[in-house]
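J.: So in my numbering, the last one in the sequence shown is 454, and the numbering has no gaps at all.
Using N, Cα and C, we set each Cβ at its ideal position, and we do this for glycine too.
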Amino acid sequence: MQKFDLIIRNGRVSRRAGSTFDSDIACKNGLIFQISPTIDENAVDQIDASGHLVLPGAVDAQVHFRDPGNTHKEDLGSGSRAAVAGGVTSFLEMPNTQPPTIDQKALDRKLAQAARNCVANYGFFIGATPNNLDAINTTTPVCGIKIFMGSSTGDLLVHKHSDLERIFKNGKRLIAVHAEDEARMRERKNLLLGSDADLSDLRIHTRIRDDECALNATRQATKLSQAFDRRLHILHLTSAKEVKFLRQEKTDKITVECTPNHLFLTEEDYQINGSRVQINPPIRSQKDQDALWAGLKDGTIDFIATDHAPHTLEEKSQPYPHSPSGMPGVETSLPLMLTAWKSGRCTLAEVLKWMCWGPVEAYGIMDKGNLSEGCHADLAVVNVDDYRPVRDAEMFTKVRWNPFSGRELTGWPVWTIVNGKIAFADGKIREDVRGEALRFSSE
Ligand code: DOR
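1. What whole-angstrom Cβ distance do K266 and A373 have, given they're in contact under 8 Å?
2. What residue does the beta strand (DSSP E) around E104 start on, and which one ends it?
3. Taking the straight line between their C-alpha atoms, what separation do you get for G88 and T427?
4. Would you say the beta carbon of D318 comes nearer than 7 Å to a heavy atom of the ligand DOR?
5. Going by DSSP, what residue range makes up the alpha helix (DSSP H) through I147?
6. Would you say A320 and H83 are within 8 Å of each other, going by their C-beta atoms?
7. With distances taken from CA atoms, which of G369, Q57, T108 and F275 is nearest F415?
8. What does S61 pair with, by DSSP beta-bridge criteria?
9. Could you say which of A391, N142 and F159 lies nearest to F136 if we only look at CA atoms?
10. What is the rounded straight-line gap between the Cα of R197 and the Cα of L235?
11. Using the C-alpha atoms, what's the distance from V24 back to M366?
12. The alpha helix (DSSP H) that contains A302, what's its start and end?
13. What three-state label does DSSP hand S383 in the structure shown?
14. If you compare alpha carbons, which of E268, P271, H189 and Y331 is closest to Q289?
15. Contact defined as beta carbons within less than 8 Å: I believe L144 pairs with I178. What is the distance between those atoms, to the nearest angstrom?
16. So, does the segment 114-134 touch the segment 443-453, judging by three or more C-beta pairs under 8 Å?
17. Closest to R457 by CA distance: which of A54, P339 and T150 is it?
18. Opposite N132 in the DSSP bridges: which residues?
19. In whole angstroms, give me the CA-to-CA distance for A96 and Q259.
20. With respect to 7 Å, is the separation between the Cβ of H83 and the closest non-hydrogen atom of the ligand DOR below this value?
21. Go ahead and pull the three-state DSSP assignment for R287.
22. If distances are taken between C-alpha atoms only, which option among G438, Q57 and V429 comes closest to L382?
23. What are the start and end residues of the beta strand (DSSP E) that includes N21?
24. On the criterion of 16 or more Cβ atoms from any shown chain inside 10 Å, does N286 qualify as buried, or is it exposed?
25. Under 7 Å from any heavy atom of the ligand DOR, does the C-beta of S336 make it?
26. Under DSSP, the alpha helix (DSSP H) around I50 begins and ends at which residues?
27. Measuring straight from C-alpha to C-alpha, what distance separates L345 and G98?
28. Alpha carbon to alpha carbon, how far is D207 from K252?
29. Taking the Cβ atom as the reference point for each residue, do V392 and V65 lie within a distance shorter than 8 Å?
30. Look up H189 in the DSSP assignment and give the residues it is bridged to.
31. What are the residues that DSSP puts in a beta bridge with C38?
32. Please return the same chain residues whose Cβ sits closer than 8 Å to the Cβ of G306, not counting the five positions on each side in sequence.
33. Could you tell me if T100 is buried or exposed, where buried requires 16 or more neighbouring beta carbons within 10 angstroms of its beta carbon?
34. Around the C-beta of T262, are 16 or more other C-beta atoms found within 10 angstroms, so that it is buried, or is it exposed?
35. In chain order, which continuous runs of the alpha helix (DSSP H) of length 4 or greater are located wholly inside the segment 169-250?
36. To the nearest whole angstrom, what separates the beta carbons of I294 and N272, a pair I think is in contact under 8 Å?
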């Protein structure tokens with residue numbers, strides 16, 4: 012009889028504070044049972060992590076896995092496989108599927124599908140419409156309510172002030188907003204998409220959805236949160252103007268995230284990647300990107316989520332404005348951030364805050380995001396010595412491409428552990444592992 016289910020031996024362990032120490036880690040019944048320099052016991056599975064870094068698994072709090080409705084782009088199974096291949100052990104999935112997740116029936120369907128197919132742990136948002144106030148407050152379990160204040164992929168939209176006010180005023184749950192000003196976007200579309208518009212230059216996308224669009228909506232959501240003392244999370248912040256505004260106005264009821272897309276791409280990248288890097292809200296200038304890094308550093312921005320939003324290359328190759336917005340990213344976020352750490356751009360403690368325990372604290376996800384005895388055994392064992400390029404063909408996302416293709420990154424997972432079981436090893440998914448539904452302290 013083996014004492015433990017899994018022992019990870021000789022790893023360099025890093026946890027919340029970011030300091031590293033050499034240790035073995037023993038897992039039993041899905042939990043981290045013992046962390047100690049030498050564990051002299053047997054286990055069903057053993058990993059020799061010599062020379063590798065052992066981190067808490069990353070938590071990606073914004074993904075679009077397209078299931079149901081657009082499973083030719085992704086499904087809960089393929090998206091979760093891409094997640095664990097990237098060291099992401101838990102994800103929160105968005106409601107703009109078809110049908111959208113706007114009631115208990117749609118949520119139950121997703122939960123059942125996830126239980127069958129997901130190799131990572133999962134949680135879901137409930138989507139707001141102008142007419143489903145009761146459902147957004149009673150459907151359970153959810154990590155929060157998602158409001159598209161400006162239109163994006165799918166048809167979820169709540170843009171009238173009176174509708175927004177009713178949602179902020181009634182209920183207690185966290186509200187996560189896609190903050191873009193719908194009226195201004197419509198105006199600018201009419202203005203800029205005239206017959207003489209140069210649609211081959213994708214910077215037009217950034218001009219239509221400009222930083223004032225983002226700022227207006229971020230300001231509106233912030234004021235509503237302040238007026239009704241409502242928990243607010245601002246998704247994918249993109250502009251220097253918003254960082255400046257939130258540095259002044261953010262309260263303890265407000266958290267903010269940004270994406271690797273906006274931290275590592277600017278509108279210069281349209282020239283090389285065209286509509287592959289078209290997203291909402293859009294990539295912007297170097298000045299905006301620098302402001303996001305500064306916002307992360309000073310705590311104005313709390314954490315990083317990918318907004319993994321796959322579309323096929325065929326769909327993407329349609330001429331603007333028919334090319335859909337969004338790009339995949341769940342499997343490259345941790346390597347991108349660990350590469351940034353290795354190049355001196357941030358500390359390891361910051362990477363752990365932004366990728367692991369920051370999203371866990373913001374959403375009140377129970378027992379995740381840290382590496383200590385008694386915690387759930389969700390771990391990423393990563394190689395931070397070798398560099399290898401992102402290659403489209405090696406991606407696990409169904410759409411098989413990545414906006415950072417060609418970039419040399421380090422920090423690629425060698426093993427990913429989900430609830431004490433090896434879910435990813437040496438480039439392959441272990442198909443017998445299943446994730447679990449996340450639990451939220453507010454539910
Ligand atoms: O670019 C985007 N694509 N932004 C979103 O908010 C939605 C996403 C999608 O689902 O394609």
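T.: Based on what the coordinates show:
1. Per the sequence shown, residue 266 should be read as Thr rather than Lys. Indeed, because the Cβ distance is near 4 Å, the residues count as touching under 8 Å.
2. Taken as a continuous stretch (DSSP letters only), the beta strand (DSSP E) holding E104 covers V99 to E104.
3. A direct Cα-to-Cα measurement between G88 and T427 gives close to 16 Å.
4. yes
5. L144 to T149
6. no
7. F275
8. Looking at the DSSP assignment, S61 forms no beta bridge with any residue, so it has no partner.
9. F159
10. 23 Å
11. Straight-line measurement puts the Cα of V24 at about 16 Å from the Cα of M366.
12. Taken as a continuous stretch (DSSP letters only), the alpha helix (DSSP H) holding A302 covers Q297 to D309.
13. Of the three classes helix, strand and coil, the one that applies to S383 here is coil, per DSSP.
14. Considering only alpha carbons, the answer is Y331.
15. 7 Å
16. yes
17. Because the chain in this structure spans residues 12 to 454, residue 457 falls outside the shown range and cannot be described.
18. DSSP lists S101 as partners of N132.
19. 38 Å
20. no
21. Helix at R287.
22. V429
23. F15 to S25
24. In the sequence as displayed, the identity of residue 286 is Ser instead of Asn. Buried, because 16 or more other Cβ atoms sit within 10 Å of the Cβ of S286.
25. yes
26. From DSSP, I50 is part of no alpha helix (DSSP H); its letter is neither H nor E.
27. 7 Å
28. 30 Å
29. yes
30. F159
31. L17 and I43
32. L248, V254, L257, R258, V267, C269 and I312
33. buried
34. exposed
35. 172-180, 193-203, 214-219 and 222-239
36. 6 Å
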